[in-house]
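Okay, structure first, notes after.
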Amino acid sequence: MTRNKAHGKKAAQGARRSEREEVQQVESYSSPKTRHTDENASFVFSAFLFVATALAVLGIGFAVMGTVNIWLLAAALVLAVLVIFTVHIAPQWERAVILRLGKYRRTAGPGLYLTIPFIDHVSLRADQRTMLTGFSAEETLTADLVPVNVDAAVFWMVWDAEKACLEVEDYYDSVALAAQTTLRDSIGRKGITDITMHRDQLDEELKAAIEEKTSVWGVSILFVEIRDIVIPKDLQRAMSAEARADREKDARIVLAEVERDIAAMLHDASEIYREDDIALKLRQMHLVNESLKDSKGSLVVPSSYAEGFVDGNGGTSER
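Going by this note's numbering, the sequence shown opens with residue 7, and the numbers climb by one from there.
See below:
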């Protein structure tokens, strides 16, 4: 029996571990902190400037001196290094925050911009495209004490590179942590029914709460999407049984209302038939007609027309 308990405990731990691994997969959709798509462009440009500057200095020196010596080579290398530390380029979506002697100087880009070597320093290259950050809240208790795993995604962008550089150390990780803590707080204030049935409202609340924290960092929250809500299996079965019971209850209520309406209509009809015998007979004839039409049978109804074929003693008259 002890062995069975241990086996069941391990199985439950394995199930919870698999659920956590599934929830953590949402973080793999996050945008990378370092872009690798167009980084080669700046290196190629710097290499081109280095080679072009060195060749230009060597060409000018050879034209003036008529020879190339070690001093001319050293001067060409020094000038080439200074040029690549002075001339920079930034892509269309990038803004470079420049500090001069440790103090904020300006924000440059996109395109070509210049800095003073060893005095100016590019402190941050902010990507102003839409960024994606996946985050999750594992085994967070709702207001009615139900543990749930929720994963979501926030789409955001840097609208002020200066604030992103000066107001926060790492705006990317700060956005992710702010989103995660806000999600936990929102879940703790709501019941499981509100979370599962009002996702749109929860998305708007998360967007407003996260943007309130990140706006001082120069980050704007575009929208937040709840990706998945994982509820414990036993609670899912209980909620399913409750939903079935509610549906059966609603069906019974509808049926009772219909029966009440039918009884009221029959009561009204009985009042009419009691006051009008002809209407009652017409109704009887209509019911007989409907029954014969469905069964394709016939019905013999005694009437006064048949009395002419019967004599007064009960026999058939002869002609």
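Cβ coordinates follow ideal geometry from the N, Cα and C atoms, glycine included.
The C-beta separation of valine 93 from leucine 61 comes to about 16 Å, leaving the pair out of contact by the 8 Å criterion. Per DSSP, reduced to three states, the secondary structure at alanine 149 is coil, with no helix or strand assignment.
Taking C-beta separations shorter than 7 Å and ignoring five residues to either side along the sequence, the partners of valine 152 in its chain run Ile198, Leu241, following chain order. Around the beta-carbon of phenylalanine 124, fewer than 16 other beta-carbon atoms lie within 10 Å, marking it exposed. The continuous beta strand (DSSP E) containing lysine 109 extends over residues 109-114.
DSSP, reduced to helix, strand and coil, places serine 129 within a strand of the structure shown. Burial state of asparagine 155 is buried, judged by a 10 Å Cβ sphere holding 16 or more other Cβ atoms. Counted as a single uninterrupted DSSP element, the alpha helix (DSSP H) harbouring phenylalanine 91 occupies residues 76-92. Residue environment analysis places tryptophan 165 among the exposed positions, since fewer than 16 neighbouring C-beta atoms fall within 10 angstroms of its C-beta. The criterion of a C-beta distance shorter than 8 Å is satisfied by isoleucine 227 and isoleucine 216. The segment 105-119 makes no contact with the segment 74-87: fewer than 3 CB pairs, one atom from each, lie closer than 8 Å.
For threonine 121, the number of other beta carbons within 10 angstroms of its own is at least 16, and it is reported as buried.
The shortest C-alpha to C-alpha distance from serine 36 to any of Val103, Leu138, Gly65 is the one to Leu138. Counting the other Cβ atoms within 10 Å of the Cβ of lysine 255 gives fewer than 16, which makes it exposed. DSSP places valine 181 in the uninterrupted alpha helix (DSSP H) bounded by 177-194. Of the other Cβ atoms in all chains shown, fewer than 16 fall within 10 Å of the Cβ of glutamate 263; this residue is therefore exposed. Across the set Met271, Val222, Ile76, the C-alpha of Val222 shows the shortest separation from the C-alpha of glutamate 175. According to the DSSP assignment, aspartate 234 belongs to the beta strand (DSSP E) that extends over 225-236. Going by C-alpha positions, aspartate 209 is about 16 Å away from valine 181. The beta carbons of glycine 224 and glutamate 168 sit about 7 Å from each other, so the pair counts as a contact at 8 Å. Of the candidates Ile90, Ala58, Ile104, Met203, Ile90 places its Cα closest to the Cα of serine 52. In this structure, DSSP gives isoleucine 95 an extended state, which the three-state scheme calls strand. Assigned with DSSP and collapsed to three states, serine 142 falls in strand. Under DSSP, no beta-bridge partner is assigned to glycine 72. In the displayed model, isoleucine 104 falls within a strand according to three-state DSSP. Between the alpha carbons of valine 230 and phenylalanine 161 lies a gap of roughly 6 Å. Under the 10 Å beta carbon count, aspartate 267 is surrounded by fewer than 16 other beta carbons and is classified as exposed.
Between the beta-carbon of leucine 64 and that of methionine 71 there is about 10 Å, and that puts the pair past the 8 Å contact cut. The secondary-structure analysis by DSSP pairs asparagine 155 across a beta bridge with Val236. In this structure, aspartate 133 lies near glutamate 100, with their beta-carbon atoms less than 8 Å apart.
Straight-line measurement puts the Cα of methionine 163 at about 6 Å from the Cα of arginine 135. Between the alpha carbons of alanine 247 and glutamate 265 lies a distance of about 27 Å. A residue is called buried once 16 or more other Cβ atoms fall within 10 Å of its Cβ, and aspartate 157 is buried on that count.
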